[in-house]
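Have a look at the structure below, then the notes.
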Amino acid sequence: MNSNLKENSNNEYIRNLVRSYMKSIRLNITKGKRNKFNFSNEVIYTEARKGFLNGKYIDRLAIFMRGTGCSQVKEVGGCTFCGFYNATNLGEKISDKDYIEQIKNTISNKKINFSKYGIVCLYNDGSLLCEKEINFNAVLSIIDILNNIESVKKIVIESRVENITKEKLTRIRQSTNKEFDIAVGFESANPLVRDLCINKSFDSSTFEEKIMICNENNINLTPLLMAKPPFLTEKEAIEDFVNSLQYLNQFNIKRIDMELPTVEENTLTYNMWIKNMYTPLKLWSVVEILKKKEELGLKIPVHISPMNYSVSSKAKASNCDYCDNHMLKLFEKYNEHGDVSIFDKINCTCKQEWEKLLITKAPDENLPQYIEKVVLKLMEDVKDLKIID
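Pasting the structure below:
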């Protein structure tokens, strides 16, 4: 067996190992919980945020809908760091009527003051273009509702890369002439990180094809990049993110969303975290990434996403109690102005701890070997585990 075949075979084994473990974790969610959700045609929650429209920084409304649940959880276990399945209907498909009523009720909720928001973002803790989770006609109905609201100038939905098709984009464009974004979990430009660290297996060529067909339909594709997925050291996480920025800079992309890590129950990341095998990114690393982006002359804008989601987190990216709030406020300013110099004067004693992290010795094993070692260790706590063939 030549070295490439051997490497591919070994990576396939590790991929199946990760997927088997992820599927075993998800069983903990579904046991005894199915059909206990009290659906009242209300979304999980909404959050007022900010976003750009035609160069202006305006009010944006993020709507977290009660969703069916990511189809990838049943198929391959889902992303290693994602605990959003905890807030869903655990794979049991929600009716079109329920989804549509959730949006109608949000619009009519006087406390939200819907007309205030020029940008509306729809999240279902999965993929809005996956028909296993929501019928496409329901998505079009929701788009049509928003299209008829004059105050809404831009619509954003989330999707998996693979669920984007020419046919769907054409029908979306027939439903609205408003600015339209599709946010996708690209995560990393390194296929090995994307595949084995995150459990998201698509080729970069597939992503590039989706950029092309989105551009053809005057739809923006917004890649989400995960800052420090499991198994990477702090230094490796910085390098991986910067390398991903360099890769994405070549395309006609209006913005990249930096997703800061959160630790949620029933995930591989959580199980590593409770065993002191994973710590979320330090906020100093975010600053380092932004400075390296500036040094490299990368023009693509980066938006640092807030760490607020449909499920609560046990831990999240942070520095220390003293400087966290100040740093997060600076991130908000950076999102608006893109000026990295605002971080020049910030300092804190915790920065020394971060600097030590950067010189921490990486594992002796290569990345696939290290992932295998960690997952096998985690599997010791799982009974009756069956490895996917």
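Numbering (our numbering) for the sequence shown: 4 to 392.
We put the CB at the ideal spot given by N, CA and C, even for glycine.
Just so we're clear, the structure is a prediction, and the values are computed from it rather than from any experiment.
Asked                                                                                                                            : Found
Bridge partners - D184, DSSP secondary structure assignment                                                                      : V159 and N223
Through-space distance from E153 to K238, alpha-carbon basis                                                                     : 47 angstroms
N-terminal and C-terminal residue of the beta strand (DSSP E) that Y60 is part of                                                : K59 to F67
Whole-number beta carbon distance between F205 and E165, since they are thought to touch under 8 angstroms                       : 6 angstroms
Cut-off 8 angstroms between Cβ atoms - residues of its own chain near L149, not counting five sequence neighbours on either side : I106, V123, V155, I158, T179 and K181
Limits of the unbroken beta strand (DSSP E) element including F55                                                                : Y48 to L56
Proximity winner among K119, N127, R176 and D128, relative to I146 (alpha-carbon distances)                                      : R176
Span separating the alpha-carbon of E219 from that of R69                                                                        : 31 angstroms
Under 8 angstroms between C-beta atoms of I66 and T109                                                                           : yes
Rounded distance between the beta-carbons of N89 and N269, thought under 8 angstroms                                             : 6 angstroms
Burial state of A320, where buried means 16 or more other Cβ atoms lie within 10 Å                                               : buried
Other residues of its chain near M4: CB distance less than 6 angstroms, five sequence neighbours each side excluded              : At M4 the pLDDT is 40, less than 50, meaning the model places this residue with poor confidence; the figure from the coordinates comes in the next sentence. No residues qualify anywhere along the chain.
Secondary structure, alpha helix (DSSP H): runs of 4+ residues fully inside the region 189 to 262                                : 207 to 219 and 237 to 251
Burial state of T363, where buried means 16 or more other Cβ atoms lie within 10 Å                                               : exposed
Residue of T173, E339 and P366 minimising C-alpha distance to R63                                                                : E339
Three or more C-beta pairs below 8 angstroms linking the region 302 to 313 and the region 21 to 28                               : no
Spatial distance of P309 from L263 (CA atoms)                                                                                    : 8 angstroms
Assigned secondary structure, I152 (DSSP; H/G/I helix, E/B strand, else coil)                                                    : coil
Whole-angstrom distance between A141 and I97, CA atom to CA atom                                                                 : 11 angstroms
Where V142 falls: helix, strand or coil (DSSP)                                                                                   : helix
Spatial neighbours of A240 in its chain, beta-carbon cut-off 8 angstroms, leaving aside the 5 residues before and after          : A230, K231, P232, L284 and S288
Outcome for T83 when other beta-carbon atoms lying within 10 angstroms are tallied against a minimum of 16                       : buried
Per-residue burial, Y102 [other beta carbons within 10 Å of its own, 16 or more giving buried]                                   : buried
C-alpha distance - D324 paired with S144, whole-angstrom precision                                                               : 45 angstroms
Straight-line Cα distance separating D99 from M275                                                                               : 37 angstroms
Buried or exposed by the 16-neighbour rule on C-beta atoms within 10 Å, applied to S191                                          : buried
Buried or exposed by the 16-neighbour rule on C-beta atoms within 10 Å, applied to A186                                          : buried
Sequence-distant residues of the same chain with beta carbon closer than 6 angstroms to K317, five excluded per side             : V266
Local Cβ density within 10 Å of T272, reported as buried at 16 or more and exposed below that                                    : buried
The alpha helix (DSSP H) enclosing Y337, as first and last residue numbers                                                       : D327 to H340
Three-state secondary structure (DSSP) of I374                                                                                   : helix
Beta strand (DSSP E) segment containing I307, residue limits                                                                     : V305 to I307
Cβ-based burial, N350 [other Cβ within 10 Å; buried from 16]                                                                     : exposed
Where K257 falls, given that 16 or more other Cβ within 10 Å makes a residue buried                                              : exposed
Where Y281 falls: helix, strand or coil (DSSP)                                                                                   : coil
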